[in-house]
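Quick note, the sequences are listed as chains A and B, same order. Taking the working numbering, the leading residue of the first sequence gets 8, the next gets one more, and so forth. Taking the working numbering, the leading residue of the second sequence gets 131, the next gets one more, and so forth. All C-beta atoms in this analysis are idealised placements derived from N, C-alpha and C, irrespective of residue type, glycine included. Here the structure is a predicted model, which means the values were calculated and not measured. See structure below.
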Amino acid sequence: MKDRLFRDILPRVAKPARYTGSELNMIKKDWEQAGVKMAFAFPDVYEVGMSHVGGKILYGLVNEKSRHLLERVFAPWPDMEAIMRAEQIALFSLESFHPVLDFEVLGFSLQYELSITNVLNMLDLAGIPLWSRERNEAHPLLIAGGPVVFNPEPFADFFDIFIIGDGEEVLLEFLDEMEASRGLGKAEKLKRLAAIEGVYAPALYSVEYKEDGTLKSFEPKFPGVPARVRKRVVKDLDQAYYPDKPLVPYMEITHDRAVLEVMRGCQRGCRFCHAGIVYRPVRERSLEMLENQARRQLQNTGYEEISLASLSSLDYSGIDPLLKSLVGNYGEKGIGVSLPSLRVDAFSIDLANEVQKVRKTTLTLAPEAGTQRLRDVINKNVSEEQLLEAVEAAFKSGWLSLKLYFMIGLPGETEEDLEGITEILQKVKYIGDKYSRRPVELRASLASFVPKAHTPFQWRVQNSIAELEGKRQFLSRRRKKRIKLSFHDSRTSYLEGTIARGDRRLSPVIYLAWRKGCKFDAWSEYFNFDWWWEAFQESAVDPEFYTGRQRPYEEEFPWDFIDIGVSKDFLREEDQKAEEGLTTADCRQEGCSDCGICLSMEISLDIKGGSAHAIEKQI
Amino acid sequence: MRLRSRYSVGPELKFLGNLDMMHLMERSLRRAAIPYALSEGFNPHIKLSMGTVLPVGLWGENEYFDLELAQTMDLLDFRQKLSAVLPSYLQLKECQEIADTAPSLMKIINAASYVYLLEPPFPSLDKWKEELLARSSLTVRSRGKKKGLDKELRTGIYRIEVDESLNIGRVEIWVAVGEPVNVRYDELGELLLQTGFTQNSIAEVFRSGNYIREGSGYLSPLEVL
């Protein structure tokens, strides 16, 4: 296989290094000696998949810490796919070039709703039946994890198992059980696996819908199968596995650098934010651990840059000493530190200046909404004053370009809020021009708000495509010189929203869309809304049911059985507070907001710098 | 202190682009904790300069890079430290100190040799060579700067060696690099196809060397020092 690939296939495709494997720090275990053989599949192209930190964690965890084996698979780019189909080359792994069909477990990482069409395409390329019911114990067991599976229902008919929560907490236990239940029939195997906390086997549940289309019942079919599936949580990040020798690709990938995960979770409580709820509570790594990880990763990779990853890295309690130590230890060797996102305040700008002493290119801030009223509704606790202070500090210290993130289509949004975005941009531009010698460049990215399952806005109506388009035009007409506006595709957001709060009746739609040719939906050059639209019509499924309806508080949701630790009552109260324009403070600063996570997961906030209120409340 | 090194790139790495190869080398230097010198300016980078670009799809037996160090280092020590962290497909063969004033690899390399490994069926190699060198003009479609136009290769083809044994054919061609004629490996490939070879018969292509051509002699970049 490898010889054929190198000689006949790869010279004909773009970026052949996507398919060669053999990267630095690759782990190739002995196929015959290994326990369970699992393929880890990322449903996007190599350079995107290789940038994903979760995949690096699981890769190292399984291969270094167990007798099982984990090999990588990515979605081939369409040029490679065409050759594979024409010449009947089945999807293969990058370590041993085994066909995916030879593995016992095939696990997909689902980071984005629309990547599901790539999952189906990869299964098809692997020669694996797409529907769970068409596969038996001789096929690889198809599993998935990642943020998307906190509502797994739209994909329930394709997958055998979903793993809910922090994957490194459960994967080895899962693979051990896979090995122990070898030889059993598929149904029996699923029952044994479903007994592991955090493991959901959709075939073991029956679902009924009411006449109005909402959920009637969701029940286990067999005794012993849990009625609710609780997410798994790493309680102490310092004890959790993190790779010291991550793979270093030969070709340039999207995030081509060493990564420190400074913390997991975020407690700012922005009401639109899915990750902010499902990854609660905040767990920090200790400064000492991070310094050691940085040293070992840089030694083993030779990377020229190290980045701090998390939902809100500048909220890490040890951020100041950490940055000073990284810059102090590695700056002279030409190794840079990068901060993916900044908090909107002057303190953050100081830190950004600290790490970017020389080259000040673009700084990114996220005010999210145009008026104080709307920022209160979404609980983005940033005032205009803080924003303008941050902007002033940035331009004063020499930054020349600024990128601002906003959302349109937020609950209760009015023309005034959209005007507010325009006004903020003008004020920022004015400040920039005042402090900078040359005209500054401003870019505003306008994402469409998509209500997600398990968030305070899960009951809300999503803007229609027409509404979002109207808002786009409204803003575009008011655009000023040297302010660049970029909008997310409203049709993509609409589909994302449909799946995000979807149920099992969406599986046929997804299947049909794929049959029509949908794949790489996250890539604008491949996204084809018409095919999706036809798929909905032919399956007689109305997407408006999922996005266009204000859902009553008493409605049972298809994802309610996933226990994320945050209570539905808390989410409802947050939604009600949004309606009244009331904010909720970050519990690290102003006391517990009773979201339920610490009690239900029997953990406490793990803030290394300490948090008086959090500790007090625990006692 | 400035060093010139010779290394080989194995077939596993033949799909790397030039930038990929630069990154691989820079990251290896960091892993080995070599005391490299950094450039001044906004975006400091390692003072590393690679020889002529190894085209994507080819591996190379004798490639070169120059590196400036911030402090002196024993050559053996350098070789051992760097070799310890290089991927096994990339091997450091030789290192020498060069003068600070020595001209760069890009400036001095003016010839290269490419090897085509052949599987049957292919024409008689001796006869093919004789006929080819007897021709006064060899034109192919340019793959370089003047894409699509006819390009005259004859003056840039210096020497050809052929060998046939155990059904495997080997053609090695020494060509001009840089100005005034730059002969690319894919243009040579087209020449082979024009003169009786098929795509299927070309099993492997690699660059066997980079040279400084003086008269009819070929010196390696380490021999001109």
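query                                                                                                                          : result
GLY62 (chain A) (DSSP reduced to helix, strand or coil)                                                                        : helix
Min CB distance LEU146 (chain B) to chain A below 8 Å                                                                          : yes
Closer than 9 Å at the beta carbon, the chain B residues around SER58 (chain A)                                                : Going along chain B, no residue has its Cβ under 9 Å from SER58 (chain A), so there is no contact; the nearest lies around 15 Å.
Three-pair Cβ contact test at 8 Å for the segment 520–533 of chain A versus the segment 125–133 of chain A                     : yes
Neighbouring residues, chain B, relative to ALA24 (chain A) (Cβ below 7 Å)                                                     : PHE145, LEU146 and ASP150
Where the alpha helix (DSSP H) containing MET45 (chain A) begins and where it ends                                             : Run containing MET45 (chain A): none in the alpha helix (DSSP H); it sits in the beta strand (DSSP E), 44–49.
Continuous beta strand (DSSP E) stretch holding ALA520 (chain A): start and end                                                : No beta strand (DSSP E) contains ALA520 (chain A), which is instead part of the alpha helix (DSSP H) from 514–523.
Rounded separation between TYR262 (chain A) and VAL55 (chain A) - CA only                                                      : Here residue 262 (chain A) is His; the residue named in the question, Tyr, does not match the sequence. So the alpha carbons of these two residues sit roughly 8 Å apart.
ILE342 (chain B) vs ILE239 (chain B) beta-carbon contact at 8 Å                                                                : yes
Chain A within 8 Å of PRO185 (chain B), Cβ atoms only                                                                          : no
Under 8 Å from the C-beta of ILE298 (chain B): neighbouring residues of chain A                                                : Going along chain A, no residue has its Cβ under 8 Å from ILE298 (chain B), so there is no contact; the nearest lies around 15 Å.
Three-state class that DSSP yields for VAL112 (chain A) in the structure shown                                                 : strand
Local conformation of ASP150 (chain B) per DSSP, three classes                                                                 : helix
Chain B contact residues for MET258 (chain A), given Cβ-Cβ distances below 8 Å                                                 : LEU146, GLY147 and ASP150
Proximity winner among B:ARG284, B:MET180, B:ARG161 and B:LYS223, relative to ARG314 (chain B) (alpha-carbon distances)        : B:ARG284
Which residues DSSP lists as bridging LEU268 (chain B), in chain order                                                         : Answer is none; LEU268 (chain B) lacks a bridge partner.
Touching by the beta-carbon criterion (3+ pairs, under 8 Å), the segment 457–466 of chain A and the segment 419–428 of chain A : no
Rounded Cβ spacing between LYS63 (chain A) and PRO288 (chain A) (contact assumed at less than 8 Å)                             : With 8 Å as the limit, LYS63 (chain A) and PRO288 (chain A) do not qualify as a contact, their Cβ atoms being about 23 Å apart.
According to DSSP, residues forming a beta bridge with ASP10 (chain A)                                                         : In the DSSP output, where bridge partners are listed per residue, ASP10 (chain A) has none listed.
Nonlocal neighbours in the same chain, by C-beta distance under 7 Å from LYS364 (chain B), ignoring five residues either side  : No answer is possible for residue 364 (chain B): it lies beyond the span of chain B, which begins at 131 and ends at 355.
Exposed unless 16 or more other CB atoms sit within 10 angstroms - verdict on VAL183 (chain B)                                 : exposed
Residue environment, ASN70 (chain A), which counts as buried when at least 16 other CB atoms sit within 10 Å                   : buried
Minimum C-alpha distance to LEU77 (chain A) - residue among A:SER100, A:GLY153, A:ARG485 and A:SER345                          : A:SER100
Min CB distance LEU346 (chain A) to chain B below 8 Å                                                                          : no
Burial state of SER139 (chain A) (16 or more Cβ within 10 Å)                                                                   : buried
Within-8 Å CB hit, TYR137 (chain B) to chain A                                                                                 : no
Identified DSSP bridge partners for TRP304 (chain B)                                                                           : B:SER243 and B:ARG289
Other residues of its chain near VAL468 (chain A): CB distance less than 7 Å, five sequence neighbours each side excluded      : GLY555, ARG556 and GLN557
First and last residue of the uninterrupted beta strand (DSSP E) at ARG343 (chain B)                                           : 332–344
CB contact check: GLU156 (chain B) to chain A, cutoff 8 Å                                                                      : yes
Neighbourhood of GLU476 (chain A) by C-beta, 7 Å cutoff - its chain only, sequence neighbours within 5 removed                 : SER497
Helix, strand or coil at ILE506 (chain A) [DSSP, three-state]                                                                  : helix
Cβ-Cβ separation, ALA397 (chain A) to ASP352 (chain A) (assumed contact under 8 Å), whole Å                                    : 5 Å
Close Cβ partners of THR591 (chain A) (< 8 Å) along its chain, the five nearest in sequence each way excluded                  : GLY276, ASN386, GLU581, LYS584 and SER600
Beta-bridge partners of GLN221 (chain B), as assigned by DSSP                                                                  : B:SER138
When B:LYS223, B:GLU142, B:MET203 and B:LEU235 are compared against ALA163 (chain B), the one with the closest alpha-carbon    : B:MET203
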